[in-house]
Amino acid sequence: MPVTESDHPSDDGGAPGAGAGPGALPADRLIAFYTDHRRDLPWREPGTTPWGVLVSEVMLQQTQVARVVPAYRQWIERWPTPPDLAAEPSGEAVRAWGRLGYPRRALRLHAAATAITDRHHGRVPDTVDELLTLPGVGEYTARAVAAFGYRRRAPVVDTNVLRVLSRATRGVDTRASATATDRRDLDRWLPQDPDTAATFSIAVMELGALLCTTGEPGCSQCPISDDCAWRAAGYPAAAAVRRQGAWAGSDRQVRGRIMAALRDAPAAVAEGELAAVWPDVQQWRRCLDSLLADGLAVRVDVGWIGLPG
DNA sequence: AACCCGTGGGT
DNA sequence: TACCCAAGGGT
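Using my numbering, the first residue of the first sequence is number 8, and each one after it goes up by one.
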């Protein structure tokens, strides 16, 4: 594990000093860290709507912040409200998604905009339960929108928060995905005041993104290192994760090429031309069929494939 | 519950 | 280089 000596001095049990205690997640210091070191991101600007928060959260699902920023700006400028997006064909959402990856997210975001328009009068719902009914909105995103969009008190646990929670309060590292237990554990540290709770959540997330990272954590700059159970335990390594399959030659690669061809074309593409993206006809056929089944592509006519209308 | 789903940056 | 993995969700 890439832990530097300078960041992790093997001190001999120095006094905890003014720490809140081993395994604590002290809100005051986390919020102070956020105040001092927060990144200026477009979805954090004053005036960001709950719809803006929802769009940013969906884009950020498994996609890095730096790649999301320009896409988010263009998306919000073009579709400032859910009805604006719902009024357009879903294929336009898929095209605007560009190369963010996992284009089903674009389809689901469009479906969410439609549901918000039809069932919620065009206003993004403000309760976790209602948000959970929206396509593409899971346990994390629902709470993120409630907390960051509406300043509700909800335990927001993404991969960053889970890493901080696990390390600081349990003394172990993890690469698992968050569970209901994790949300309950975080809730213990969540300030009661809703607005402060929302700031606390984004502060923990920011700490995980900037300092308490998977790679080389910046423990020497961490505001809660004195309370960190993981540090006290000597930075034990996380359990190994199951390797993902090879990318080259995968269905995902083939699907990606087909979608890129459809996005780059102004209108429908002849199947014969589309087949040129991959030499293995069997695999190409299987992937095209899966894209049609997913609704990411449609057969607009015999032998012609396009983005959904 | 394990597996699938895109793309690209970091090392 | 090859591999990890990044503000997850759906099945």
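By construction, the Cβ of each residue, glycine as well, lies at the ideal position given by its N, Cα and C atoms. On a predicted model such as this, the values are computed, not experimentally measured, just so you know.
Would you identify the three-state DSSP class for residue i, choosing helix, strand or coil?
i: residue 283; result: helix
i: residue 272; result: coil
i: residue 277; result: strand
i: residue 229; result: coil
i: residue 257; result: coil
i: residue 132; result: coil
i: residue 104; result: helix
i: residue 69; result: coil
i: residue 109; result: coil
i: residue 251; result: coil
i: residue 99; result: helix
i: residue 125; result: helix
i: residue 42; result: helix
i: residue 176; result: helix
i: residue 224; result: coil
i: residue 19; result: Any reading at residue 19 needs caution, since the residue's pLDDT is 27, under 50, leaving its predicted position unreliable; the model's value is listed next. In this structure, residue 19 counts as coil in the three-state DSSP scheme.
First and last residue of the alpha helix (DSSP H) that includes residue i?
i: residue 312; result: Where residue 312 is concerned, there is no enclosing alpha helix (DSSP H), although the beta strand (DSSP E) it sits in stretches over 311 to 313.
i: residue 294; result: 288 to 301
i: residue 164; result: Element bounds for residue 164: n/a, residue is neither H nor E.
i: residue 241; result: It is not in any alpha helix (DSSP H) - residue 241 carries neither H nor E in the DSSP assignment.
i: residue 50; result: Unbroken run through residue 50: none, as it is neither H nor E.
i: residue 213; result: 201 to 217
i: residue 196; result: 187 to 196
Just reading off the beta strand (DSSP E) that residue i is part of, what are its end residues?
i: residue 308; result: 305 to 308
Do residue j and residue i count as a contact pair if the criterion is CB distance below 7 Å?
i: residue 118; j: residue 142; result: yes
i: residue 157; j: residue 133; result: yes
i: residue 59; j: residue 83; result: yes
i: residue 120; j: residue 89; result: yes
i: residue 269; j: residue 217; result: no
i: residue 180; j: residue 239; result: no
i: residue 101; j: residue 113; result: yes
i: residue 41; j: residue 223; result: no
i: residue 306; j: residue 284; result: no
i: residue 67; j: residue 76; result: no
i: residue 291; j: residue 304; result: no
i: residue 211; j: residue 48; result: no
i: residue 201; j: residue 34; result: no
Within 10 Å of its beta-carbon, does residue i have 16 or more other beta-carbons around it, so buried, or fewer, so exposed?
i: residue 227; result: exposed
i: residue 205; result: buried
i: residue 286; result: exposed
i: residue 150; result: buried
i: residue 57; result: buried
i: residue 253; result: exposed
i: residue 73; result: exposed
i: residue 250; result: exposed
i: residue 261; result: buried
i: residue 195; result: exposed
*Taking one C-beta from the stretch 154 to 165 and one from the stretch 175 to 194 each time, how about it: are there three or more such pairs within less than 8 Å?*
yes
_contact_flag[the stretch 174 to 181, the stretch 218 to 237] where n(CB pairs < 8 Å) is 3 or more_ = yes
*Are the stretch 259 to 278 and the stretch 289 to 301 in contact at 8 Å, needing three or more beta carbon pairs?*
With a cut-off of 8 Å on Cβ pairs, the stretch 259 to 278 is in contact with the stretch 289 to 301, counting three or more such pairs.
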